[in-house]
Amino acid sequence: MDYKNSLNLPRTDFSMQANLVQREPQRLAQWHSSDLYGQLMAARAESPRFVLHDGPPFANGDVHIGTALNKILKDLILKSKSLRGFQTPYIPGWDCHGLPIESKVTQELRAQGKSEADAATIRTACDAYARKYIDLQRQQFQRLGVLGDWNNPYLTLAPQYEADELRQFADLVEKGFVYRGKKPVYWSVPFRTALAEAEVEYADHISQSVFVRFRLVGEPNTYVVVWTTTPWTLPANLAVAFNPKFFYSYVFAQGNTYLVANSLLTSLSEKCGWEGYQIIRTAQAEELASLQYEHPFCERTGRLFPADFVDDSTGTGFVHIAPGHGMDDYQLGLSVGLPIYCPVDDEGRLVATADLPREQQLPESLVGKSTLAKAGKSEANEAVLALLTEKEALMRREDYSHSYPHCWRSKSPIIFRAVDQWFIRVDHTGNSPGALPFRQQALAAIDSVNWIPDWGKNRIQGAVQSRPDWCISRQRTWGVPIPAFYDASGEPILDAGIVRKAADWIEREGSNVWFTTPVEALWAGCRPADWSGPEAVRKSQDTLDVWIDSGSSSRAVLMRRPELRGSDGGWQADVYLEGSDQHRGWFQSSLLLSLAGNGAAPFKTVLTHGFMVDEDREKISKSKQGQGGYQKPQTAERYIKDYGCDVVRLWVASQDYRSDIVVSEERLKKVGETYRLIRNTLRYQLSNLYDFNPATDAVADDQLSGLDRWILGEFATLEAAVAKAYDAYEFHLVYQLVSQFCAVQLSAMYHDVVKDRLYTDPAGSARRRSTQTALHRILTRLTQALAPILAFTADEAWEQIPGAATKSVHLSLWNPAAAAVPTEPAWTVLFSLREQALPELEKARQAKLIGKSLDAVLHFALPAVDGALVTSHEAELRELCNCSAVTVTQAAERQITVQVAGEAGRKKCERCWHWELNVGDNPTHPTLCGRCVEAVIPLS
RNA sequence: GGGGGUGUAGCUCAAUCGGUCAGAGCAGGCUCUUUAUAAGGGUCAGGUUGUGGGUUCAAGCCCCACCACCCCUACCA
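Here the first sequence stands for residues 1023 to 1962, numbered as in my numbering.
The structure is reproduced here in structure tokens:
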């Protein structure tokens, strides 16, 4: 007779093979058609809300694996909060404006021969371009299993968003935050336009460098010597900087006295041919700071200022300062109150400006000279050099080769040039008297926010503390227009009322209306009824910095969408979660704008994650693509195609995202192994519940067998730890805890031990039902604990769990155990005995005495303390050791001996493989043990 | 150049206030099983906690210097 059919062998439709790549899209389609997100929102309609506000990715290109990590982390938080009973609305967003799209589109238009396209044409094309990639990325994000309101994302190009952004801007204008100032920008002379950083390329360039002497005021024949590679900026010279940490000396050479840094004296004397120079005396920093000099060819004097950016690698230790022509110069100029003087016009020609009295400015011979370098020379340089020679100020000129910024389109060297810009005043004291300066308010707000990791607070405070005023205008086309005008005298008109009117208009017709409508009509539409200021004759062509776009999302999204309002009516988000680069980016722009416009920080907690690095722990770079580096592109799609989304999600969960995150084939493969471990664990449990109906078969808690009570206690301990890890957003701990539990407590212990009862006990027996009750409870809750991470697999398993309360695991509520359950003392002893017995069994196995442990009988000689606890648990001890029988006797100390079961007069039962004394007692079933006979009789 | 972060077995993570904590899982070697079988069990091996100093009765943990990598920022007059 074939007794195999009488066993309760496992069965399930939950396959061992995951086939994630094929199966996940089917489940996605199912979620989509049943509107799982909508169901979830409805099911939690009365629940407290947990709002995670999405930071908008840039709408360009495929979703990068790093972007996928960010979205998956967000989804882990949302799904875990939802399981715990929160309503978790999620409105994804996209950042749509900005240079990368504009330049891409401009290139495309040029390729089509439309190089002279007007602003509206470019913007329409940019809009289409952004929307194309939003659609693409939306697909790719959804493929990640991220649930959200994908049909109603927020887009920074949406008219309503732009309008809200401008209303926020209007508030800032009204409160006096916004002012007009000058700032040096990269300027392309051939294109007559400001360049963004990304449009600048560095290339080797030979400059005409010069050593120039400035005569000191009140000190005959005494000069300070400066060095510059841009002689054409000398007309803009307003100061000289020195480093207070250096030592300087007065040096007598060739009949004059020169002030020079000691460390550069040797090289300078060689260049200038100073034979037998003499050091007269050293000069102290205080003395230097008191000096004045005469400009070599302009009728003005300048002062010397200390500055720590001055280095002594080249030059003279004194730096020529032109605040209108360099960032360092500009900062120094601002801090000591120099005008931001830039005597260069849009065409790159030297001109006089209104910043200084005309008589102090450049001589007539320089006016109109072009700074544009052709074949290494420029008119302006030549004219300045001639003038320096004439004034006997030029000490030496030499070619100097260095890396210099060039315009990426014209390939010509750019110039640094101060132009008018709009700024937000960070130290604004505001209209409310007695209020702290805005920077202080921001620092206080930062202090009240929960930053994870905690060093995030430090970092953003440092950023806010040291940041200069915020330059918010850009000379770009693809952005939100700054609704400013200019009057007949060229003075700007920026007014909150005007901005609000423009916002209303833009909300109706989109921001292209600003570019397509003639200034007269615009002015007529935006001019407030009670306007008494100057009349506009020209409109602003500037756009807002894109950080104003995304930074306005608290106004345009959090305050705008009712579904994101907190249970208490508040609009602040519970969590923002982005890469740590956003401390200077979105976190800061959001904070500053929300604080200035809405009066509070937009977030309660800010989480940050690190960056993606490759197996060498180096950043994933495009240059490594192909050429012996990465074989495949680093897009999310490529990893999803190779491993399936749940493996990628598990990978995200597996690492401590607070520092760098390693992405490599090896790592993914390892995580794939863990995935299979977990999947097989779930599969084992499901396959042993095929005949279990929790409603009718479940065993009451006090009727559960000791082993089952033990594993439920272990599981409660796990559950408490997992819940704590989720609450702390420490998903890598969830990964470690769950995978180790599956491997150690379940696979190696409980599942292995319990096979015997599940397979061989009568199907409806109390002991088998007890174990099924435990398995069912563990399976249900383990599946829930995994659901945030293995979004697809957990849902697949959930469908197969008998009596599952909801259709999808994501709709279910998880009430994890609150605390760890201590193990009963007897079981502690039983496990320590098992731990000692297993190596003994292994010895017997190595000696070829036994194969499996069921082939053995174990004899335990135990001290009284152990014995007392074990005596009533001999059956459990036998199960734990998976042997055929145990004996327990008294002894002074523990001793465990292994006996081959056959030698103990036992025979192997054909059905359960135990070696028993009563095999063959029943003549009908001569190869079975007594227990199996009992199990078989009702079947026959 | 400046600011922030990270560095513990091949991999991913632990180690409460400095005090039997150098630990787990996986991977790897050996092996058993064929009643989870493209599964499962047992068992063995592995680290001078990035390097070099210092403080302390005691340091993976605190201090200093250095190295590597990551993020931000600035600059090359």
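Heads up, the beta-carbon is just placed ideally off N, CA and C, and yes, glycines get one too. From a predicted model like this one, the values you see are computed outputs, not experimental measurements.
Check whether the Cβ atoms of residue i and residue j sit closer than 9 Å, and answer yes or no.
i	j	result
Val1273	Gln1306	no
Arg1371	Val1389	yes
Ala1021	Ala1467	Shown here, the chain extends from 1023 to 1962; a query on residue 1021 therefore has no answer.
Asp1596	Thr1565	no
Asn1027	Asn1710	no
Ala1878	Ser1854	no
Asn1082	Pro1253	no
Arg1325	Ala1311	yes
Ile1642	Ser1562	no
Ile1343	Asn1259	yes
Ile1099	Pro1810	yes
Ser964	Gly1619	Beyond the ends of the chain as shown, which are 1023 and 1962, falls residue 964; an answer cannot be given.
Arg1419	Cys1294	no
Asp1334	Phe1438	no
Glu1600	Asp1171	no
Leu1188	Ala1525	yes
Phe1340	Ala1283	yes
Val1920	Lys1930	no
Leu1410	Val1232	yes
Leu1613	Ala1464	yes
Leu1169	Leu1091	no
Asp1778	Asn1904	yes
Have a look at the DSSP bridge pairing and note the partners of residue i.
i	result
Trp1937	Lys1930
Pro1824	According to DSSP, Pro1824 bridges with nothing at all.
Asp1421	Gln1230
Cys1493	Phe1445
Asn1472	Thr1627
Met1634	Ile1683
Gln1917	Ala1883
Ile1301	Val1273
Taking just the CA atoms, how far does residue j sit from residue i?
i	j	result
Leu1699	Val1693	10 Å
Gln1443	Ser1069	48 Å
Pro1427	Gly1532	36 Å
Lys1154	His1754	35 Å
Gln1182	Pro1122	23 Å
Pro1490	Ala1826	58 Å
Val1234	Glu1316	12 Å
Lys1413	Lys1399	21 Å
Asn1265	Arg1639	38 Å
Trp1249	Tyr1422	11 Å
Thr1279	Glu1138	57 Å
Gln1762	Ala1807	14 Å
Gln1061	Leu1833	8 Å
His1631	Arg1582	28 Å
Pro1078	Asp1084	15 Å
Ser1056	Gly1167	15 Å
Arg1606	Ala1485	6 Å
Leu1863	Pro1032	27 Å
Lys1663	Arg1066	33 Å
Ala1813	Trp1820	11 Å
Ser1576	Ser1616	7 Å
Asp1888	Glu1901	18 Å
Which ranges does the alpha helix (DSSP H) cover as unbroken runs of at least 4 residues, wholly within the region 1546 to 1570, from first to last along the chain? none
Enumerate, from N- to C-terminal direction, the unbroken beta strand (DSSP E) stretches of 3 or more residues contained entirely within the region 1133 to 1216. 1200 to 1210
Given 8 Å as the limit, is there contact between the region 1200 to 1207 and the region 1700 to 1716, that is, 3 or more CB pairs closer than that? no
Are there three or more Cβ pairs, one per stretch, closer than 8 Å when the region 1424 to 1441 is compared with the region 1472 to 1482? no
Cβ contact check for the region 1726 to 1733 and the region 1834 to 1841: 3 or more pairs under 8 Å: no
Any contact between the region 1794 to 1807 and the region 1651 to 1671? By contact I mean 3 or more CB pairs, one from each, below 8 Å. At 8 Å Cβ cutoff, the stretches do not touch.
Do the region 1671 to 1691 and the region 1773 to 1790 meet, that is, are 3 or more Cβ pairs less than 8 Å apart? no
Say whether the region 1869 to 1878 touches the region 1739 to 1754, bearing in mind that this needs 3 or more beta-carbon pairs closer than 8 Å, one atom from each stretch. no
Entirely within the region 1314 to 1378 and at least 4 residues each: give me those alpha helix (DSSP H) ranges in chain order. 1349 to 1358
Within the region 1498 to 1537, note down every full beta strand (DSSP E) run reaching 3 residues or more, in order along the chain. 1507 to 1509
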